Amino acid sequence: MCLGVLRRALLASAAGAALLGVVGVGLVRRVVTVLDLGLGKRVLHLTDLHIHGLAHLNLPDYDLLLIGGDTYDRLTPSAEVVVGVLGGLRGPKVAVLGNHEYWDRRRITLGEGIRALEEAGVHVLRDDWVQIGGLRIFGLDWREDPRDYPPVKDADIVLVHSPDAFQSAVGGLYLAGHTHGGQFCLPGGIPVATNSFFGYARGLYKRGDAVMYVSGGAGEMLPRVFCDREVVLVK
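Residue numbers (full-length UniProt numbering): 1 to 235.
Okay, structure coming up:
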């Protein structure tokens, strides 16, 4: 399956983006980016939710939900809010942790956050594997040093919060977030800067036999400027 992904990924683009709505006064859109990579399943990548009391998520149909970290942060009222939002989404659901799960422990400790995810029916991966519907998925845990991510072999999909993990990639499809597409962009979504150590911002990247898509993410802590909110549907 990985070779099929690699052959098709170079032809994929954000041309499949569909407008879901508008956030603010014409500055930030909500988009669904569709990548046709020949997976044979509809895999929805949902990252950087930064849940702040959301009651409902309007998502496209999918067969598998991959949650890419920063699901909550210091502004999230409680772990129960996380359960309420994610518990209403159908499974199977797989998640990794992001920097905010580790950094923002005052209101929700790391253990409470993981238990909330599991109570919501989410399988949490921390440098571990799971196989669902014929897809081998490896979930890379957050690293403080962006140079510390190990290579992952024999995975169809590598789910990770930071795109910096791609520097050590040897194959497979990486799905990442963290950057919010740059957070502050020029008109047209051109990032002014990125919080990626290696300069990744948003979109499709190739490295040897590996391909990565960096999502702009579905939420934020600080307001976005010309950087769309994004969910990614891989087929």
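Backbone N, C-alpha and C define an ideal beta-carbon position, used for all residues, glycine too. Quantities reported herein were computed from a predicted structural model and do not represent experimental measurements.
Leaving aside the five residues before and after residue i along the sequence, list all residues of the same chain whose C-beta is less than 7 Å from its C-beta, in chain order.
i: Ser168; result: Tyr149, Pro150, Pro151
i: Gly121; result: Gly87, Gly91, Lys93
i: Met221; result: His50, Asp73, Leu75
i: Leu110; result: Glu101, Tyr102
i: Arg224; result: Val28, His180, Gln183
Thinking residue i and residue j are a contact (beta carbons under 8 Å), I'd like their distance in whole angstroms, please.
i: Arg42; j: Asp73; result: With 8 Å as the limit, Arg42 and Asp73 do not qualify as a contact, their Cβ atoms being about 28 Å apart.
i: Val85; j: Ile51; result: 5 Å
i: Pro60; j: Leu233; result: 5 Å
i: Gly181; j: Ala193; result: Gly181 to Ala193, Cβ: 11 Å. No contact.
i: Val28; j: Arg229; result: 6 Å
i: Gly98; j: His161; result: 4 Å
i: Thr47; j: Gly69; result: 6 Å
i: Leu89; j: Leu65; result: 6 Å
i: His45; j: Val211; result: Going by Cβ atoms, the distance from His45 to Val211 rounds to 13 Å, so no, they are not a contact pair.
On the CB-based measure, 16 or more other CB atoms within 10 Å of its CB, does residue i come out buried or exposed?
i: Pro163; result: buried
i: Thr71; result: buried
i: Glu118; result: exposed
i: Asp141; result: buried
i: Glu144; result: exposed
i: Cys209; result: Before going further, note that residue 209 is Asp rather than Cys in the sequence given. It counts as exposed.
i: Asp127; result: exposed
i: Gly172; result: buried
i: Gly219; result: buried
So, for residue i: in the same chain, excluding its five sequence neighbours on each side, which residues have a beta-carbon less than 6 Å away from its beta-carbon?
i: Gly113; result: Glu101
i: Phe138; result: Trp129, Val152, Ala155, Val158
i: Phe197; result: Pro146, Asp164
i: Tyr200; result: Pro163, Val214
i: Val124; result: Ala95, Ile114, Leu117
i: Arg105; result: none
i: Ile67; result: Leu46, Ala95
Return helix, strand or coil for residue i, following the three-state DSSP convention.
i: Ala210; result: strand
i: Trp129; result: strand
i: Ala201; result: coil
i: Val23; result: At Val23 the pLDDT is 46, less than 50, meaning the model places this residue with poor confidence; the figure from the coordinates comes in the next sentence. Strand at Val23.
i: residue 261; result: Nothing in the structure corresponds to residue 261, since the chain is present only between 1 and 235.
i: Glu220; result: coil
i: Pro150; result: coil
i: Ile108; result: coil
i: Val96; result: coil
i: His45; result: strand
i: Tyr102; result: helix
i: Phe226; result: coil
i: Leu39; result: coil
Leaving out five residues before and five after residue i in sequence, what residues of the same chain have Cβ atoms less than 8 Å from its Cβ?
i: Asp207; result: Note that residue 207 is Arg in the sequence shown, not Asp. Contacts found: Phe166, Gln167, Ala169.
i: Arg107; result: Arg74, Thr76, Pro77, Ser78
From the beta carbon of residue i, is the nearest beta carbon of chain B less than 8 Å away?
i: Leu175; result: This model lacks chain B altogether, as it is built from one protein chain only.
- Message: Counting beta carbon pairs with one atom in the segment 182 to 194 and one in the segment 71 to 87, are three or more of them shorter than 8 Å?
- Response: no
- Item | Three-pair Cβ contact test at 8 Å for the segment 173 to 180 versus the segment 126 to 133 | no
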